[in-house]
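K.L.:
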Amino acid sequence: AQSVTQPDIHITVSEGASLELRCNYSYGATPYLFWYVQSPGQGLQLLLKYFSGDTLVQGIKGFEAEFKRSQSSFNLRKPSVHWSDAAEYFCAVGRSGGSNYKLTFGKGTLLTVNP
Amino acid sequence: DSGVTQTPKHLITATGQRVTLRCSPRSGDLSVYWYQQSLDQGLQFLIQYYNGEERAKGNILERFSAQQFPDLHSELNLSSLELGDSALYFCASSVGQAKNIQYFGAGTRLSVL
Chain A
-1 AQSVTQPDIH
9 ITVSEGASLE
19 LRCNYSYGAT
29 PYLFWYVQSP
39 GQGLQLLLKY
49 FSGDTLVQGI
59 KGFEAEFKRS
69 QSSFNLRKPS
79 VHWSDAAEYF
89 CAVGRSGGSN
99 YKLTFGKGTL
109 LTVNP
Chain B
3 DSGVTQTPKH
13 LITATGQRVT
23 LRCSPRSGDL
33 SVYWYQQSLD
43 QGLQFLIQYY
53 NGEERAKGNI
63 LERFSAQQFP
73 DLHSELNLSS
83 LELGDSALYF
93 CASSVGQAKN
103 IQYFGAGTRL
113 SVL
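In the order they appear, the protein sequences are chains A and B. Read in order, the letters of the first sequence correspond to residues -1 to 113 in our numbering. Read in order, the letters of the second sequence correspond to residues 3 to 115 in our numbering.
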């Protein structure tokens, strides 16, 4: 069964500082990996995705993530955080085959940005 | 705006009651997914429909059911509601093929009192 672990429940950074949110997954084959962001009272917005190919993927809002198969990780990074990045971030894994395309989510990491 | 529409945004009801949540997918998307978000369980997959047919089931209670209609909108029916059913219910849609991306609606917040 697929699973996702986000080790950090809550992270606080200062505006302008760099950010890295950790994500580890468990899946038997090459996974499809996603990062979503949820602002208070909002739905989930897709930041970026990895299906195959280049292990460094670029997303919206200046975010990037790196797929490391050897570490079963897909960490999200941003070089300089803006106050508007404060939100909850979810890593998710999807199946790369079959007909069941459900996403399995991590518990999320809440990001607080200090001025 | 993701293009996925969920109604209502908020729902307050009492234990034992039945409610229906509605989802209109993005134009052209054939798959609809329902997820439940709660503080203790996080985001959990409930059920998936593809072009009117049930495709996959997750941690969905027997008191819950769903369907996808010919116009591709979907409804999630929750019955005999309990306090623990209070949660945010999300609908997502995708084209439904491999490498599909799921787009999420804004959710329906259900409060069972």
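Note that CB positions come from ideal geometry on N, CA and C, so glycine has one too.
Going along the chain, which residues of its own chain have a beta-carbon closer than 7 Å to the beta-carbon of A:Ala84, five neighbours each way excluded?
P.N.:
Leu109, Thr110, Val111
K.L.:
For B:Ser40, return the contacting residues in chain A, with the cut-off set at a CB-CB distance below 8 Å.
P.N.:
What B:Ser40 touches in chain A: nothing, since even the nearest Cβ is about 11 Å away.
K.L.:
Name the chain A residues whose beta carbon is nearer than 7 Å to that of B:Ile103?
P.N.:
Leu44, Lys47
K.L.:
Any chance the CB of A:Ala90 is under 6 Å from a heavy atom of the ligand PLP?
P.N.:
Because no ligand of any kind appears in the structure shown, any question about the ligand PLP cannot be addressed here.
K.L.:
Out of B:Ser4, B:Val6, B:Gln8, B:His12, which one is the CA nearest neighbour of B:Arg111?
P.N.:
B:His12
K.L.:
For B:Ile14, which beta-bridge partners are listed by DSSP?
P.N.:
Per DSSP, the beta-bridge partners of B:Ile14 are B:Ser113.
K.L.:
What did DSSP end up calling A:Lys59 once you bin it into helix, strand or coil?
P.N.:
Note: A:Lys59 maps to helix in three-state DSSP.
K.L.:
Quick one: which residues of the segment 19 to 35 of chain B get their C-beta closer than 7 Å to a C-beta of chain A? List them in chain order.
P.N.:
Ser33, Tyr35
K.L.:
Taking only the alpha-carbon atoms, compute the straight-line gap between B:Tyr51 and B:Gln69 and give it to the nearest angstrom.
P.N.:
7 Å
K.L.:
In the structure shown, what three-state DSSP assignment does B:Glu33 receive?
P.N.:
Sequence inspection shows Ser at residue 33 of chain B; the Glu mentioned does not correspond to that position. Strand.
K.L.:
Quick one: give me the first and last residue of the beta strand (DSSP E) that B:Leu74 is part of.
P.N.:
From DSSP, B:Leu74 is part of no beta strand (DSSP E); its letter is neither H nor E.
K.L.:
Is the CB of A:Tyr99 under 7 Å away from at least one CB in chain B?
P.N.:
yes
K.L.:
Could you tell me the boundaries of the beta strand (DSSP E) in which A:Phe103 lies?
P.N.:
101 to 103
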